[in-house]
Structures are given as C-alpha cells and as structure tokens.
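Quick note on numbering: our numbering labels position 77 of the sequence shown as 63, and the sequence is numbered without any gaps. Even glycine gets a Cβ: it sits at the ideal position worked out from N, Cα and C. These figures come from a predicted structure and were not determined experimentally.
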Amino acid sequence: MTALFPGRQDMTEMTGRCHCGGVRFRITQPVAGAILCHCRDCQQMHGNYNAMAAAPRDAVVFDADETLAWYASSDKARRGFCTTCASRLFKDNLGSDRLMVSMGVIDPPTGLHVMKNIWTQSKGDWYELPAEVPPA
-13 MTALFPGRQD MTEMTGRCHC GGVRFRITQP VAGAILCHCR DCQQMHGNYN AMAAAPRDAV
47 VFDADETLAW YASSDKARRG FCTTCASRLF KDNLGSDRLM VSMGVIDPPT GLHVMKNIWT
107 QSKGDWYELP AEVPPA
C-alpha cells in the first residue's frame, strides 16, 4: 500500500488530539503543507501566528468530540476548541471545502513543511517570517 503522506512512508493517515484527549481525530487524506497565518486574530487567539494544515473537510474524522465547541470568530469563520483544556484545534472558514487544523495538535511526525505565510502585513515585529518550502 502506498502511504498518503510524503515523509511518513509508514503511515496512511494523520492523527491528532487536544491536550486532554477529549477531542481526537484522524485526517484520512493528504494535506499539502503548513500554512502560517500572521493575522491579529491568530496572534490574539494563539499568542503568536498559527500554523495550520488545510485538510479536506470530509477527511477529518472524529474519534471523540464530546468536549469540542465552536466559537464564531467572525461572520465568515468559526474556531473549534476543547472546552476542558482550551486547546485551539480548528478554524472553519464557512463555505470552504477545507477545515484548517492547527499543526500543533497533529501527532508527529507530520512530514510537512511550511508551504505558505499569509496575512504577513500583520505579523509581529519580534520575529522573521519562517521560510516557505513548496510542496514536492
């Protein structure tokens, strides 16, 4: 069987969870890489920029979601978090066929690289933009 994820030849899906394990999920289709969002919303919600993987919405399968809650962060997006440990897990751009999954909650190794920086005009003044590595 061919692995779905480059750099993870032994695996056919990615798994992830919040800090307490109340939310557990699998990503069953490939994602291209990490997208780093430097907008003020991400800075305020995550304490810095947020690294996310854009997963096909139907490829995110929940094994546990009892503690998952959603917060309407704008009229165009909502954010998913754990009500027990407060892990910030997802950004759901309404109407999109992709669900943004925070990279830090995906179990390593991911085999992914920074693919793109977005909202760079809002980035903090304390760091340089991470280097982008286009998908192979």
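Contact between the segment 41 to 59 and the segment 74 to 88 is established, with three or more Cβ pairs separated by less than 8 angstroms. DSSP places T1 in the strand class (E or B) of the three-state scheme. Under a 10 Å Cβ-count criterion, G81 is classified as exposed, with fewer than 16 other Cβ atoms of the shown protein chains found around its own Cβ. The Cβ-Cβ distance between D83 and S59 does not fall below 8 angstroms.
M86: member of the beta strand (DSSP E) spanning 84 to 88, first to last residue. C25 carries a coil assignment under DSSP once its states are collapsed to helix, strand and coil.
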